[in-house]
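J.: Got a structure here, written out as structure tokens. Questions coming.
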Amino acid sequence: MKLPQTKAVYQAPGSRSLPGKWVKPVRQRPGGFLNPLPVPEWKWENITMDFLFGLPRTSIGHDGIWVIVDRLTKTTRFILIKITSTLDQLARLYVDKIVKPVRQRPGGFLNPLPVPEWKWEHITMDFLFGLPRTSIGHDGIWVIVDRLTKTTRFILIKITSTLDQLARLYVDKIVSQYRVRVSIVSDRDPRFTSKFWPSLQKAMGTRLKFSTSFHPQTDGQSERTIQTLEDMLRACVLQLKGSRDTHLPLMEFAYNNNYQSSIGMAPYEALYGRPCRTPVCWNEVGERKLVGPELVQITTNNIKLIRENLRIAQDRQKSYADKRRRNLEFQVVDQVFLKLSPWRGVIHFGRKGKLSPRYIGTYQITERVGPAAYRLELPIELA
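Heads up, the sequence shown is in the UniProt record's numbering, so the first residue is 1 and it goes up one at a time.
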């Protein structure tokens, strides 16, 4: 007996056919998915590494994760799902880590400094150097800002001023007029990190808070004040005659008597309880007599208003900054890479300028000193 001929016989997994019955040819797509034989983890790792390092280095070039994935899918028959599961492993390649720039948003949310309780208890300070030398020899300005009232002092100094001279200026200009500070925020200038300055402030009972290296946002108040001061100095050079030594006190008065949006008033008004007398506001201040209790009440109300305005300003700044950042946290004993100095003239490991690696490491985290600051265990040559 001649059996009937069929083109194809397909039986889906799990289906049953009646005994003695022919299964009709399937006229639709086969059911189920292709399940390739699994590749052992150790074998997959060897194949991946052989592919990466078996080719000449010029053909790899560290082009990135997805470039390697594309080459693997074209030259091998591995499934893309399996390849994507090893992206973590490929991303840990040491060379890629130290030479590739970060294409993500900066890590760590903004953490504003707490709002001070009273005037001139917490200050920030920074130096402005590189200015033309005056007839007296001054080529720098010491900028000191009160964090609550935003009152600013501009002190003329020289780049050759010793620490003893700076300490005397600090006592004469700040301590004698505004008493001893509770804390001082500054950058890591060698003058501030030397043994003399910390010992002096420790004797006065003042805490020193240094900003993290290459993070000027910590003392953004002083940085922004210096920018405004530079603009005022440029205008002074173009419009006024005479030395900077003569006009700087008037610049300080004009700056402190101008409206500050963060506190909602002028710094002098926040400091003294009323605007300082000028030709513009002579009728408002000069003709009016304030008695003692009224002045105290106005000053107290101004401080409450300033602190509330500062909180609102900090919340607004934090919301704007966090939109361009991402949360990034590490744990103690984690191994991390360290970003090198952005100075192009510095030589790192035999490479100078643009050819120097972007990161070095890895180094172990030994302590968490802040919400987004950590202390690393660095070798002696980097200490």
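Glycine included, every Cβ here is placed at the ideal spot set by N, Cα and C.
With a threshold of 6 Å on Cβ separation, who are the neighbours of L34 within its own chain once the five nearest residues in sequence on each side are excluded?
T.: Low local confidence applies: a pLDDT of 47 at L34 is under 50, so the model's placement there is unreliable, with the coordinate-based value given in what follows. Cβ within range, chain order: n/a, list empty.
J.: Considering just the uninterrupted stretch of the alpha helix (DSSP H) at A266, what are its terminal residues?
T.: No alpha helix (DSSP H) holds A266; DSSP gives it neither H nor E.
J.: In the DSSP assignment, the beta strand (DSSP E) including Y259 goes from what residue to what residue?
T.: That residue, Y259, is in no beta strand (DSSP E); it is neither H nor E in DSSP.
J.: For Q260, does the count of other Cβ atoms within 10 angstroms reach 16, so buried, or fall short, so exposed?
T.: Q260 should be labelled buried.
J.: Within 8 Å, do at least three Cβ pairs link the segment 315-335 to the segment 365-372?
T.: Cβ pair count under 8 Å is three or more, so yes.
J.: Can you give me the Cβ contacts of V280 inside the same chain, cut-off strictly under 6 Å, excluding the 5 residues immediately before and after it?
T.: Only weak support exists for where V280 lies, its pLDDT of 49 falling under 50; the coordinates are left without a value.
J.: Pick from K339, K323, E269: whose alpha carbon is nearest that of N301?
T.: Measuring from the Cα of N301, the nearest candidate turns out to be E269.
J.: Quick check: the segment 221-231 against the segment 194-209, are at least 3 beta-carbon pairs closer than 8 Å?
T.: No contact exists between the segment 194-209 and the segment 221-231.
J.: Where does S199 sit, in a helix, a strand or coil, going by DSSP?
T.: Here S199 sits in helix by DSSP.
J.: At which residues does the beta strand (DSSP E) containing E367 begin and terminate?
T.: Counting along the chain, the beta strand (DSSP E) containing E367 begins and ends at 359-370.
J.: L271: which of F109, R153, R103, Q104 sits nearest, CA to CA?
T.: Looking at the Cα atoms, R153 is the closest of the given residues.
J.: When the Cα atoms are used, what is the spatial distance from G107 to L208?
T.: If I take the Cα positions, the gap works out to 26 Å.
J.: Under a three-way DSSP split, which group does R179 fall into?
T.: DSSP places R179 in coil when its eight states are reduced to three.
J.: L229 and R244: beta carbons closer than 8 Å?
T.: No. Outside cutoff.
J.: Between S161 and D187, is the Cβ-Cβ spacing less than 8 Å?
T.: Contact flag unset, no.
J.: Below 8 Å on the Cβ atoms is my guess for S262 versus A321; work out the distance and round it to an integer in Å.
T.: Not a contact, Cβ separation roughly 15 Å.
J.: Among V99, L110, V102, R103, which has the Cα closest to the Cα of K323?
T.: The shortest C-alpha separation from K323 is found at L110.
J.: Measuring CB to CB, does H122 end up less than 8 Å from S183?
T.: Contact flag set, yes.
J.: Tell me whether V237 sits in a helix, a strand or coil according to DSSP, three-state version.
T.: Three-state result, V237: helix.
J.: Going by CA-CA distance only, name the one from Y359, N327, R326 that's closest to L340.
T.: Of the candidates Y359, N327, R326, the one whose C-alpha sits nearest the C-alpha of L340 is Y359.
J.: When you compare only the Cα positions, how much space is there between R147 and P190?
T.: C-alpha separation (whole angstroms): 23 Å.
J.: How many angstroms separate the CA atom of K150 from the CA atom of G137?
T.: Computed Cα separation, rounded: 29 Å.
J.: Can you check which of these residues, G140, L328, F253, is closest to A372 by C-alpha distance?
T.: Nearest C-alpha to A372: L328.
J.: Report yes if the CB atom of R325 is closer than 8 Å to the CB atom of R181, and no otherwise.
T.: Not in contact: R325 and R181 (Cβ atoms no closer than 8 Å).
J.: Is Q227 helix, strand or coil when you go by DSSP?
T.: Three-state result, Q227: helix.
J.: So for R109, helix, strand or coil by DSSP?
T.: It is Phe, not Arg, that sits at residue 109 in the sequence shown. Note: F109 maps to coil in three-state DSSP.
J.: Suppose the cutoff is 8 Å on Cβ atoms and the five residues either side in sequence are ignored; what does the same chain contact list for K21 look like?
T.: In this prediction, K21 scores a pLDDT of 46, lower than 50, which makes its location untrustworthy; the coordinate-derived value is nonetheless stated afterwards. None.
J.: Excluding the 5 residues preceding and the 5 following M125 in the sequence, name in chain order all residues of the same chain whose CB lies nearer than 6 Å to its CB.
T.: I144, S186.
J.: What residue from R103, I157, R307, S135 has the CA that sits closest to F127's CA?
T.: Taking only the C-alpha atoms, the option nearest F127 is I157.
J.: On the DSSP letters alone, give me the boundaries of the alpha helix (DSSP H) that R147 sits inside.
T.: Run containing R147: none; DSSP gives neither H nor E here.
J.: Just verifying my parser: in three-state terms, what is the DSSP assignment at I304?
T.: It should be pointed out that residue 304 corresponds to Lys in this sequence rather than to Ile. Reduced to three states, the DSSP call for K304 is helix.
J.: Exposed or buried, F129, counting other C-beta atoms within 10 Å across all chains shown (16 or more means buried)?
T.: It counts as exposed.
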